[in-house]
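Asker: Counting with the working numbering, you get residues 320 to 633 for the letters of the sequence shown. Got a structure for you, written out below as structure tokens; questions coming shortly.
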Amino acid sequence: MRAIQFARYGGPEVLEAAEVPDPVVGPGQVLIDVEAAGVNFADIRQIAGDYEQPGGLPYIPGGEVIGRTPDGRRVMGFTANGYASKAVLDAGDLVSVPDRLGPGEALALLVQGLTAWHLLRSSARLRPGESVVVNAGAGGVGSLAVQLAREFGAGRVIATASTRDKRSLAVELGADTAVDGAADGYTERIIEANEDRPVDVVLDAVGGAVFEAALSALAGFGRLVTYGSSSGEPTPAVDPGRLMAANLGVSGFWLRPVLTERGAAGLEMDELLGLVASGRVRPLAGAEYPLSEAGRALADLAGRRTVGKVVLKV
């Protein structure tokens, strides 16, 4: 089969095309013909060597795919080696995908959609009427979190984004307003955007100085949920006394333990697919790259030159 792999750690430039044997299907698994593979920040970290590669190098990255089973069903799910023309998925965790959904729209609901759902429901425990800030509100997770916050009863949704076009997109998706997400002046912009009041919830995957500024924008009993550090900056330590003084909460979220415990094909995915089917939530499909251009796709993702869900078409 065709695949993209890396034999040494580094940036997107270490990826190379290869012909490799088809993967071996184990008990309770199914081999699918891949239509498209999702591209995520986790892939960048994996290629850089931040994650241990089971079986060593060379290694085929990619954690999510959409495609067809041998009997013709269109499904999506998580896999270990997704940047390839064939992939193995657990048969009990397949998510059926209607043909009307494009590959980017469908794959947006896996890592990004489930993450956005859990950030609001499980970690922030959003209550009706609360104000929510979604950092990087035009990105894969952010674009869905903006829409889900509205669906889950937020009183005011504020998005941050780095460009005017991205801020306009966040408002189009349902944010009440959108502001520049740069760390300098962040706290003041967020409070002003919330009609001169501190906010109840901030969802942050930027980290560094933005994390610190977001913490300063919280109201009493406010919650900051961190789920990444795309800035690459070290995030300052949080003083417990500072949290106690204003009854603040800081929590972290990572999807992988949730998937290990529950899988992808559960009530959360059912709700997401239902919202999409009803037209209440619109997964944001981003750029599609040929499988052979996986390195360019990752470079564009790392450089924040993409909007929505990026996929590799096989």
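Even glycine gets a Cβ: it sits at the ideal position worked out from N, Cα and C. Fair warning: this is a prediction, and the values are worked out from it, not measured in the lab.
Under DSSP, the alpha helix (DSSP H) around Ile719 begins and ends at which residues?
Answerer: The displayed coordinates of the chain run from 320 to 633. Any statement about residue 719 would go beyond what the structure contains.
Asker: Comparing alpha-carbon positions, which option in Val521, Ser548, Phe360 and Val416 lies nearest Gly459?
Answerer: In the sequence shown, counting from the first residue as 1, residue 459 sits at position 140. The residue with the shortest Cα to Cα distance from Gly459 is Phe360.
Asker: If you measure between the beta carbons of Gly598 and Val629, is that distance less than 7 Å?
Answerer: The count along the sequence shown starts at 1 and reaches residue 598 at position 279. The count along the sequence shown starts at 1 and reaches residue 629 at position 310. No; because the gap between Cβ atoms is not below 7 Å, this pair is not in contact.
Asker: Of the residues Arg387, Asp390, Ser415 and Tyr378, which one's Cα is nearest the Cα of Ala399?
Answerer: Stepping through the sequence shown from its first residue, residue 399 is reached at position 80. Cα-wise, what sits closest to Ala399 is Tyr378.
Asker: Less than 7 Å between the C-beta atoms of Val633 and Leu610, yes or no?
Answerer: As a first step, residue 633 is located in the sequence shown; it is residue number 314 there, counting from the start. As a first step, residue 610 is located in the sequence shown; it is residue number 291 there, counting from the start. The answer is yes: Cβ separation under 7 Å.
Asker: Can you tell me whether DSSP reads Ser487 as helix, strand or coil?
Answerer: Mapped onto the sequence shown, residue 487 falls at position 168. Three-state DSSP puts Ser487 in a helix.
Asker: Mind checking which residues open and close the beta strand (DSSP E) that includes Thr395?
Answerer: Locating residue 395 in the sequence shown gives position 76, where the first residue counts as 1. Checking the displayed sequence, the identity of residue 395 turns out to be Met instead of Thr. Counted as a single uninterrupted DSSP element, the beta strand (DSSP E) harbouring Met395 occupies residues Arg393 to Phe397.
Asker: Comparing C-alpha positions only, which one of Ile385, Glu590, Ala618 and Arg623 sits nearest to Gly432?
Answerer: The residue given as residue 432 occupies position 113 in the sequence shown. Comparing Cα positions, the closest option is Glu590.
Asker: Going straight from the alpha carbon of Arg475 to that of Phe572, what length do you get?
Answerer: As a position in the sequence shown, residue 475 is number 156, starting the count at 1. As a position in the sequence shown, residue 572 is number 253, starting the count at 1. Cα to Cα, Arg475 sits roughly 22 Å from Phe572.
Asker: Checking the sheet assignment: what are the DSSP bridge partners for Asp523?
Answerer: Within the sequence shown, the letter at position 204 stands for residue 523. Its beta-bridge partners are Thr545.
Asker: Between the alpha carbons of Arg364 and Asp515, how many angstroms are there, rounded?
Answerer: Along the sequence shown, read from residue 1 onward, the residue named residue 364 stands at position 45. Along the sequence shown, read from residue 1 onward, the residue named residue 515 stands at position 196. Rounded to the nearest angstrom, the two C-alpha atoms are 38 Å apart.
Asker: With distances taken Cα to Cα, identify the nearest neighbour of Ala355 among Val544, Tyr608 and Gly551.
Answerer: The residue labelled residue 355 in the question sits at position 36 within the sequence shown. Nearest Cα to Ala355 within the set Val544, Tyr608 and Gly551: Tyr608.
Asker: Measuring alpha carbon to alpha carbon, tell me which residue in Asp418, Pro417, Glu470 and Asp412 is nearest Leu439.
Answerer: For the purposes of this step, residue 439 is identified with residue 120 of the sequence shown, where counting begins at 1. Selected option, being the one with the closest Cα: Glu470.
Asker: Taking DSSP as the reference, what is the three-state secondary structure of Ser570?
Answerer: Taking the sequence shown and counting its residues from 1, one reaches residue 570 at position 251. It is a strand residue.
Asker: Just checking, does the stretch 417-435 make contact with the stretch 484-500 on the three C-beta pairs under 8 Å criterion?
Answerer: no
Asker: Cα-Cα, which of Ser570, Ser550, Ala556 and Ala584 is closest to Val520?
Answerer: As a working mapping, residue 520 is identified with position 201 in the sequence shown. Ranking Ser570, Ser550, Ala556 and Ala584 by Cα distance to Val520 puts Ser570 first.
Asker: Within this structure, are the beta carbons of Ile351 and Leu334 separated by less than 7 Å?
Answerer: For this step, residue 351 is matched to residue 32 along the sequence shown. For this step, residue 334 is matched to residue 15 along the sequence shown. With respect to Leu334, Ile351 sits apart: the two C-beta atoms are not nearer than 7 Å.
Asker: Label Gly593 either buried or exposed according to how many other C-beta atoms from any shown protein chain fall within 10 Å of its C-beta, with 16 as the threshold for buried.
Answerer: As a first step, residue 593 must be located in the sequence shown, where it is residue number 274. By the neighbour-count rule (16 or more Cβ atoms within 10 Å), Gly593 is not buried but exposed.
Asker: By Cβ distance below 8 Å, which residues in the same chain neighbour Thr545 in space, the five residues on each side in sequence not counted?
Answerer: Here residue 545 refers to the residue found at position 226 of the sequence shown. Asp523, Ala524, Gly526, Phe530, Thr554, Val569, Ser570, Gly571 and Phe572.
Asker: If you run the structure through DSSP and keep just helix, strand and coil, what is Glu612?
Answerer: Taking the first residue of the sequence shown as 1, we reach residue 612 at position 293. Of the three classes helix, strand and coil, the one that applies to Glu612 here is helix, per DSSP.
Asker: If we ignore side chains and look at the alpha-carbon of each, how far apart do Pro331 and Ala618 end up?
Answerer: What you label residue 331 is simply residue 12 of the sequence shown in a count that begins at 1. What you label residue 618 is simply residue 299 of the sequence shown in a count that begins at 1. Distance between the alpha carbons of Pro331 and Ala618: 6 Å.
Asker: With three or more C-beta pairs closer than 8 Å as the rule, is the stretch 476-488 touching the stretch 402-410?
Answerer: The stretch 402-410 is not in contact with the stretch 476-488.
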